[in-house]
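Since the structure comes first, as structure tokens, the remarks are kept for the end.
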Amino acid sequence: MADPKPLTGEPGGLSTLVRAALPVVPGVNRLPGVRKAPARDFSGLAYSREDVVVERARVDAYAGVCGFPRKDVVPVTYPHLLAFPLHMAIMGDPAFPYPAIGMVHVENTITSHRAIGIGERLDVTTSVGEPRPHARGVLLDFVTSVSADDGTAWESTSTYLRRGRTIDGDPSAGLEVLDPPTGGVQWRLPADLGRTYASVSGDANPIHLYPLTAKALGFERQIAHGMWTLARSVAAIENRLPGAVTVEVAFKKPVFLPGTVSYASRRDDSGWTFAMTSPKDGSPHLLGRTTPA
């Protein structure tokens with residue numbers, strides 16, 4: 001894989017979103033600079049951001065939307081926001097063979113090695129390698145490293161499914177969370193949750209915003225961001241997690257907005273197991289677990 005490309009322009013700005021959407025527009029997707037390279041030629045791609053300042057106003061806004069308390073260190077899930085512009089830059093790059101529209105976030109693993117303080121300056125790198133086989137298409141692992149002068153502070157792997165033709169190999173079984181907890185509390189989620197989270201995260205995917213924009217992409221109405229469901233789930237047990245922790249989740253059924261979800265967590269020998277489910281039939285929206293890092 002080549003050295004990471006530096007991210008230029010405003011991170012997560014409108015131009016990044018437009019570049020990510022153009023490859024699904026008939027005719028436009030054949031233009032130079034938009035046309036995607038053949039999947040068979042893809043061996044990997046990386047982007048980076050240097051000297052990124054952790055800003056209190058943005059951290060506090062994110063914490064408020066996701067249910068975290070205000071602190072002088074960031075929530076465990078917050079550094080994903082620093083990496084998200086890199087995800088979009090990779091997906092919008094003509095060398096990346098798959099359009100961003102239609103990529104489905106199916107799993108996420110976060111390892112926080114230490115607390116990250118407000119005001120820290122960080123270097124962020126995200127890379128993606130060759131696709132892996134899946135029963136319904138291919139999987140792509142977006143691997144992020146957030147580092148400071150003392151080394152790597154935070155890492156994550158965001159796994160996306162691209163439905164369609166698969167490749168040779170044995171499909172991965174994926175994350176399995178055995179005997180997830182049931183019952184728990186119910187949370188009522190407002191219709192504008194997707195827009196509120198988009199305003200603090202920069203993730204303005206149309207499927208999260210309004211019924212009309214979601215229907216245009218095949219959903220009956222807007223759905224909650226998967227990373228919001230992860231953040232809200234971790235916020236519920238945040239004060240019981242160790243300083244160095246790994247959080248693994250599998251995203252299952254979408255959460256339609258407005259809506260109601262059930263959340264339950266259970267202390268296990270090695271950490272916590274948690275689940276966000278439908279109060280109607282118990283089907284899972286998200287299953288997760290934590291372990292000390």
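Heads up: the sequence shown begins at 1 in full-length UniProt numbering, then just goes up one per residue.
Cβ atoms here follow ideal geometry from the backbone N, Cα and C, with glycine treated the same way.
On the DSSP letters alone, give me the boundaries of the beta strand (DSSP E) that residue i sits inside.
i	result
Gly-259	259–267
Val-104	103–112
Val-249	245–251
Pro-190	Premise fails: Pro-190 is in no beta strand (DSSP E) and is neither H nor E.
Gly-151	151–163
His-285	284–292
Output the boundary residues of the alpha helix (DSSP H) element that contains residue i.
i	result
Gly-92	79–92
Tyr-47	First-last for Tyr-47: 45–53, but that is the beta strand (DSSP E), not the alpha helix (DSSP H).
Asp-60	56–66
Ser-278	Careful: Ser-278 lies outside any alpha helix (DSSP H) and carries neither H nor E.
Arg-136	Note, Arg-136: premise wrong, no alpha helix (DSSP H); not H, not E.
Val-128	Careful: Val-128 lies outside any alpha helix (DSSP H), inside the beta strand (DSSP E) at 121–128.
residue 300	Only positions 1 to 293 of the chain appear in this structure, which leaves residue 300 out of reach.
Pro-211	211–215
Thr-229	226–235
If you draw a straight line from the alpha carbon of residue i to that of residue j, how long is it in whole angstroms?
i	j	result
Glu-55	Pro-85	16 Å
Ala-46	Val-124	11 Å
Lys-253	Ala-214	15 Å
Ala-89	Pro-284	31 Å
Arg-178	Pro-75	It should be noted that the sequence gives Leu, not Arg, for residue 178. Each residue's alpha carbon lies about 26 Å from the other.
Ser-199	Pro-4	28 Å
Thr-111	Ser-172	21 Å
residue 303	Lys-36	One cannot answer for residue 303 here, as it falls past the ends of the chain, which runs 1 to 293.
Gly-169	Arg-132	8 Å
Ala-216	Thr-290	36 Å
Ala-57	Ala-63	10 Å
Ala-148	Gly-282	42 Å
Ser-145	Val-59	19 Å
Asp-150	Ile-116	11 Å
Lys-280	Ser-43	44 Å
Arg-70	Arg-240	16 Å
Asp-269	Glu-220	40 Å
Enumerate in chain order the residues of its own chain whose CB-to-CB distance from residue i is below 6 Å, with the five nearest sequence positions on each side excluded.
i	result
Leu-175	Glu-107, Glu-248 and Ala-250
Arg-184	Checking the sequence shown, residue 184 turns out to be Gly, not Arg. Only Ser-262, Tyr-263 and Ala-264 meet the Cβ criterion.
Ala-39	Pro-97
Arg-266	Pro-181 and Thr-273
Ala-61	Val-200
Arg-49	Leu-7 and Val-124
Ser-158	Asn-108 and Phe-142
Asp-51	Arg-121
Can you list, in chain order, the residues of its chain whose CB lies under 8 Å from that of residue i, leaving out five sequence neighbours each side?
i	result
Pro-242	Pro-292 and Ala-293
Asp-41	Pro-97
Thr-166	Pro-133, His-134, Ala-135, Arg-136, Gly-137 and Val-138
Ile-237	Ser-265, Trp-272, Phe-274 and Thr-290
Val-255	Leu-189, Ile-223, Ala-224, Thr-229, Val-261, Met-276 and His-285
Is the distance from the Cβ of residue i to the Cβ of residue j below 8 Å?
i	j	result
Ala-235	Gly-67	yes
Met-227	His-87	no
Ser-233	Gly-288	yes
Ala-244	His-134	no
Leu-82	Leu-122	yes
Arg-127	Val-143	The sequence given here has Ser at residue 127, not Arg. In this structure, Val-143 lies closer than 8 Å to Ser-127 by Cβ.
Leu-193	Leu-286	no
Thr-196	Val-65	yes
Leu-161	Gly-137	yes
Arg-188	Thr-260	yes
Gly-102	Val-53	no
Thr-109	Thr-229	no
Ala-191	Thr-77	no
So, at 7 Å on beta carbons, what are the nonlocal neighbours of residue i in its own chain, with the 5 sequence-adjacent residues on each side left out?
i	result
Gly-271	Arg-289, Thr-290, Thr-291 and Pro-292
Leu-212	none
Legend entry - the region 269–284 touching the region 200–212, judged by at least three CB pairs closer than 8 Å: no
Inset, instruction - Please determine if the region 148–156 and the region 180–200 are in contact, where contact requires at least 3 C-beta pairs separated by less than 8 Å. - result: no
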